[in-house]
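Here is the structure we will look at, set down as structure tokens.
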Amino acid sequence: MPEPTALAKLDPQALIAQALDKGASIETLERLVALAKDMRQVTAREAYYDAIAEFQKRCPVIKKSKTARIATRTGGSYSYAYAPLDEILSTIQEVMGALGLSVSWVGSKVENSTIYTSCRISHRLGHCEESGLFAMPFQQDGRMNAAQIVGSASTYARRYSLLAILGLAPEDDDDAHSTESAAPAPRPHYANRKPAGDPWPPFTRWE
36 MPEPTALAKL
46 DPQALIAQAL
56 DKGASIETLE
66 RLVALAKDMR
76 QVTAREAYYD
86 AIAEFQKRCP
96 VIKKSKTARI
106 ATRTGGSYSY
116 AYAPLDEILS
126 TIQEVMGALG
136 LSVSWVGSKV
146 ENSTIYTSCR
156 ISHRLGHCEE
166 SGLFAMPFQQ
176 DGRMNAAQIV
186 GSASTYARRY
196 SLLAILGLAP
206 EDDDDAHSTE
216 SAAPAPRPHY
226 ANRKPAGDPW
236 PPFTRWE
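Following this line, the structure appears as structure tokens:
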């Protein structure tokens, strides 16, 4: 583990106690309290980065275990492999929990046939970081009702935002494909481009 910064090595409570014993002014005490707050933030941030680094070392391989088949407007179809959100979570949450990390989604909303969501990774000491809003457009296709379409688009956005902030890239599951052939899954693009074989319209990552 890396050495803590000089700021994080200080003991704010001891400094405040010494200042009180010496009859320090209110201004001095206020500065010490502010310093203590900064130190807690530094410690939490360093713990977060250490935990993320350790998570990426320990995280099991995530497999693209499912296959989606998409019908085209010309009457044809194509397929691609992907890792479902529930399987990703079941793979990573035990490792994350052991390192003091947790996952949640914030800022989720639906506007103008587009769902927005951001993935947040938090550490038990208080530091957290977010992926930034992922915007996922959706539209009626005749196969699902409105609630199903929104739910599917939400799951899609949550999956990509989670993989992005954790730096994960699922791998093809050779065992799953041994009895059922599927085209390679597309790599996500975040600049208004639709990946080949992607069932959803183009989407944008908003910072």
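Residues 36 to 242 (my numbering) make up the sequence shown, in order. Idealized CB from N, CA, C, for every residue including glycine. As the structure is a computational prediction, the values presented were derived from the model and not from experiment.
query	result
Classify Ser-125 as buried or exposed, calling it buried when 16 or more other Cβ atoms lie within 10 Å of its own Cβ.	exposed
Assign Ala-170 to one of three DSSP states: helix, strand, or coil.	strand
List the residues that DSSP assigns as beta-bridge partners of Ala-116.	Thr-102
Between the region 89 to 97 and the region 197 to 206, are three or more C-beta pairs nearer than 8 Å?	yes
Have a look at the DSSP bridge pairing and note the partners of Lys-144.	Tyr-151
For Ala-118, tell me which candidate among Ala-103, Thr-109, Gln-128 has the shortest Cα-Cα distance.	Ala-103
Leaving out five residues on either side along the sequence, give the residues of the same chain with a beta carbon under 8 Å from the beta carbon of Arg-80.	His-162
Is the region 144 to 151 touching the region 168 to 183, taking contact as three or more C-beta pairs under 8 Å?	yes
Can Leu-168 and Ser-153 be called in contact, C-beta distance under 8 Å?	yes
Might you give, ordered along the chain, the residues of its own chain that have their beta carbon closer than 7 Å to the beta carbon of His-245, omitting 5 neighbours on each side?	The requested residue 245 is not part of the displayed model; the chain covers only 36 to 242.
Tell me whether Ser-139 sits in a helix, a strand or coil according to DSSP, three-state version.	strand
Let me check understanding here. Comparing Cα to Cα, which of Ala-54, Val-130, Asp-121 lies closest to Gln-91?	Val-130
Taking the beta strand (DSSP E) that Cys-163 belongs to, which residues open and close that run?	163 to 165
How is Pro-236 classed by DSSP in three states: helix, strand or coil?	Unreliable placement is indicated for Pro-236, whose pLDDT of 41 sits below 50; the coordinate value is still reported in the next sentence. Pro-236 falls in the coil class under three-state DSSP.
I'd like to confirm the pairing. Which residues does DSSP put opposite Asp-207 in its beta bridges?	Lys-99
To the nearest whole angstrom, what separates the beta carbons of Glu-165 and Val-141, a pair I think is in contact under 8 Å?	7 Å
Looking at chain B, is there any beta carbon in it that lies within less than 8 Å of the beta carbon of Ala-192?	Among the protein chains of the structure shown there is no chain B, as only one such chain exists.
So for Ser-187, helix, strand or coil by DSSP?	helix
On the CB-based measure, 16 or more other CB atoms within 10 Å of its CB, does Arg-194 come out buried or exposed?	buried
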